[in-house]
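>
Numbering (the numbering used here), first residue to last: 302 to 1018.
(1) Please report the straight-line C-alpha distance between residue 488 and residue 713, rounded to a whole angstrom.
(2) State whether the segment 772-787 contacts the segment 827-838, with contact taken as three or more CB pairs (one from each stretch) at a distance under 8 Å.
(3) Using 8 Å as the threshold, is the segment 841-848 in touch with the segment 967-986, meaning 3 or more CB pairs across them?
(4) Within a Cβ cutoff of 8 Å, which residues of the same chain sit near residue 866, ignoring the five residues on either side of it in sequence?
(5) If you follow the alpha helix (DSSP H) that residue 835 is part of, which residue opens it and which one closes it?
(6) Counting Cβ pairs closer than 8 Å, one from the segment 458-469 and one from the segment 713-729, do we hit at least three?
(7) Do residue 958 and residue 823 have their beta-carbon atoms positioned less than 8 Å apart in this structure?
(8) How would you write the range of the alpha helix (DSSP H) that residue 991 sits in, first residue to last?
(9) Among 504, 744 and 641, which has the Cα closest to the Cα of residue 690?
(10) For residue 542, which of helix, strand or coil comes out of DSSP?
(11) Using a 10 Å radius around the Cβ and a threshold of 16 neighbouring Cβ atoms, would you call residue 909 buried or exposed?
(12) Using three-state DSSP, classify residue 712 as helix, strand or coil.
(13) So residue 328 is in the beta strand (DSSP E); what residue range does that whole segment cover?
(14) Beta-carbon separation of residue 788 and residue 755 under 8 Å?
(15) Please name the residue, chosen from 834, 592, 559 and 474, that lies closest to residue 784 on a Cα-to-Cα basis.
(16) Taking only the alpha-carbon atoms, compute the straight-line gap between residue 651 and residue 558 and give it to the nearest angstrom.
(17) Specify whether the segment 631-643 and the segment 474-493 touch according to this definition: at least 3 beta carbon pairs, one from each stretch, less than 8 Å apart.
(18) Report all residues from its chain with a CB closer than 6 Å to the CB of residue 687; omit the five preceding and five following residues, and keep chain order.
(19) What are the start and end residues of the beta strand (DSSP E) that includes residue 773?
(20) Would you kindly report the start and end of the unbroken beta strand (DSSP E) that includes residue 781?
(21) Measuring CB to CB, does residue 732 end up less than 8 Å from residue 328?
(22) How long is the line joining the alpha carbons of residue 310 and residue 966, rounded to whole angstroms?
(23) Report the rounded CA-to-CA distance for residue 740 versus residue 729, giving the unit in angstroms.
(24) Skipping 5 residues on each side, what residues in its chain have a beta carbon closer than 6 Å to that of residue 446?
(25) Is residue 348 near the ligand HEM, in the sense that its beta carbon is under 7 Å from a heavy atom of that ligand?
(26) Going by the beta-carbon positions, is the gap between residue 511 and residue 680 smaller than 8 Å?
(27) Buried or exposed for residue 708, going by 16 or more other Cβ atoms inside 10 Å?
(28) Could you check whether residue 853 and residue 937 sit closer than 8 Å to each other, using their CB atoms as the reference points?
(29) On the DSSP bridge list, what partners appear for residue 457?
(30) Under the rule that 16 or more other beta-carbon atoms within 10 Å means buried, what is residue 752, buried or exposed?
(31) Given that a residue counts as buried once 16 or more other Cβ atoms are within 10 Å of its Cβ, and exposed if not, what is residue 609?
(32) Run through the DSSP bridge pairs and tell me what residue 722 is partnered with.
(33) Using a 10 Å radius around the Cβ and a threshold of 16 neighbouring Cβ atoms, would you call residue 992 buried or exposed?
(34) With a threshold of 16 other CB atoms inside 10 Å of the CB of residue 882, please say whether the residue is buried or exposed.
(35) Measuring only the C-alpha atoms, how far is residue 632 from residue 589?
(36) For residue 592 versus residue 624, is the C-beta distance shorter than 8 Å?
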């Protein structure tokens, strides 16, 4: 993860100008677009749903609130009804949209100047279609939002004018209230009309039923007509009352007979308790209670003093006297009960006689009475229905005067001070985020589709050879300044990288101190191989080695320009002349006065490939040169499209492949390495040139200015 982050940061540093330009471009374009956006204002009216939007006109007043309680479904329904075309049409009729200013373009100006064929053809506009377009535009700018878990609605209207937005939001509420009241009033009126018609019909039905029952009563001569609101005939009520009285009288007679028998039996057994329970005479009850108390006292005295105690004889006398009184009272109670029996028996007989007479009288009127009872019930039913409908009609009429709109205003809309669109702060922040994302995307795409290597780790992973050195990019106004960099800046990172490369190659020299013939090549031109060869020769020569640099690129040799400042021109003799003409080596060797190493220019251009004789001669020349020099560096031509470098690479002791940072395509590098391996070249490794400082985590140690001054003093001494 850390490696990925570091590689990403290095990619941004490599393409920082692309990132800056892309970001600024997006910001400028987005800012220009934002400035062209017209401001839009949002006005909000807050209303609350009352919950009486849906009512049953025939329901009682007390049940209206229970029919449609305010809930989420009702609030959503009200929101949908507010956001309707009827409301939009009413609002547009009250507040029509302002006329758009005429657009005067170049074509219109030319038309006014008399060029008729450029004039716009006037097309007829259908008013209905135009109104529909205005309503659709208004509905697109109207939103009705229910607040969660409440009966509150927020009505938002968006318009380019703040005052008009507020007026439209308030007009939506007033017009919807008016439409809803008109709809409710129409429903009430329709129900009231229906109730009036139905009530009149029911009243006539009731009157007809009453008239029919009275006519039937008079025709049949019924004397036992109904009374008041009772629908039962009089004769039947009399029979029922007489039967009830007879039952009560028979019950009293039976109760008196049973009480007399029980009291008589209790008196015969001398049971005082039974006399108390059966009798209703106070004296009899008191006498029976006194007898039971005396008997209880005698039992206690007998248990205490024995059966022969004088006190027991006194108690026996009192008990005898009390029992005699109880018998007398019992006879008196029996006489009273007998009188009740006689009276009840007489009443039973009288009621039986009356009941027989009533039954005889009702026997002759049973069929007409039943018919009359049916007619009377129909009249009573018609009257009940009529009264019910009449009551509903009165409630509907009363309710029409108390109608209220289904929504009530909580707060009216006021003209907003700040436009809701465009929110320049949020758009600006979003634009900056988009610009940064676009810049980052451009950098990542540029880095992803780069032809060359952009990371040291990628180079190491792709190339199956050691990475001998990473030479950083050196700035210089002229080629001579770049060539003299290792001389003028002996402690820079580039100098240290070349010094490390020379040391590594010196450590690879064969035992016995044999000289080293080193070939330097690359995939294409201008990848830094000639500069690298000169830098290596300079550092090796300063280390005391005898160094020879051979320019093997006879097509475009560059050593003369580098080492002679481009003033002497290209010499006529060089390495190509040694190979083709057999010119002595001493005639082509030159010495660089600044550094002291020797070099052989490229010579004249060869128009043919190396022949076997020339290859043997080249091998002999290199062998002879190695006897005179400790380090021979061959600056070979590029490998792509040319074959000369393969010959020199095959004869060298070590071959270095130079890869320019971000320029040399990865496929070109791999193809060149395959060609070198195929010809048997002893590849030592790869050197990355012109590498940026942010290409890897550690480029190498670099002395500071203070260190360089101290080291320079030692050099002077």
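For glycine and all other residues, C-beta sits at the position ideal for the given N, C-alpha and C.
In this text, all values refer to a predicted model and were calculated from it rather than measured experimentally.
The structure says:
(1) 29 Å
(2) yes
(3) no
(4) Note that residue 866 scores a pLDDT of 44, beneath 50, so its modelled location is shaky; the value from the coordinates is reported in the next line. Taken in chain order, the residues that qualify are 781.
(5) Here the alpha helix (DSSP H) through residue 835 covers 830-843.
(6) yes
(7) yes
(8) Counting along the chain, residue 991 sits inside no alpha helix (DSSP H); it lies in the beta strand (DSSP E) bounded by residues 984-992.
(9) For residue 690, the nearest C-alpha among the options comes from 504.
(10) helix
(11) exposed
(12) strand
(13) In the DSSP assignment, residue 328 falls outside any beta strand (DSSP E) and lies within the alpha helix (DSSP H) extending over 317-337.
(14) no
(15) 834
(16) 19 Å
(17) no
(18) In its chain, beyond the 5 residues on either side, 503, 504 and 507 have a beta carbon closer than 6 Å to the beta carbon of residue 687.
(19) 768-773
(20) From DSSP, residue 781 is part of no beta strand (DSSP E) but of the alpha helix (DSSP H) over 780-784.
(21) A contact, by the Cβ cut-off of 8 Å.
(22) 22 Å
(23) Cα to Cα, residue 740 sits roughly 16 Å from residue 729.
(24) 455
(25) With respect to the ligand HEM, the structure shown offers nothing to examine, as it has no ligands at all.
(26) yes
(27) By the neighbour-count rule (16 or more Cβ atoms within 10 Å), residue 708 is buried.
(28) With a cutoff of 8 Å on beta-carbon distance, residue 937 and residue 853 are scored as near each other.
(29) Per DSSP, 345 and 444.
(30) exposed
(31) exposed
(32) 341
(33) buried
(34) When all chains shown are included, residue 882 counts as exposed.
(35) 13 Å
(36) A contact, by the Cβ cut-off of 8 Å.
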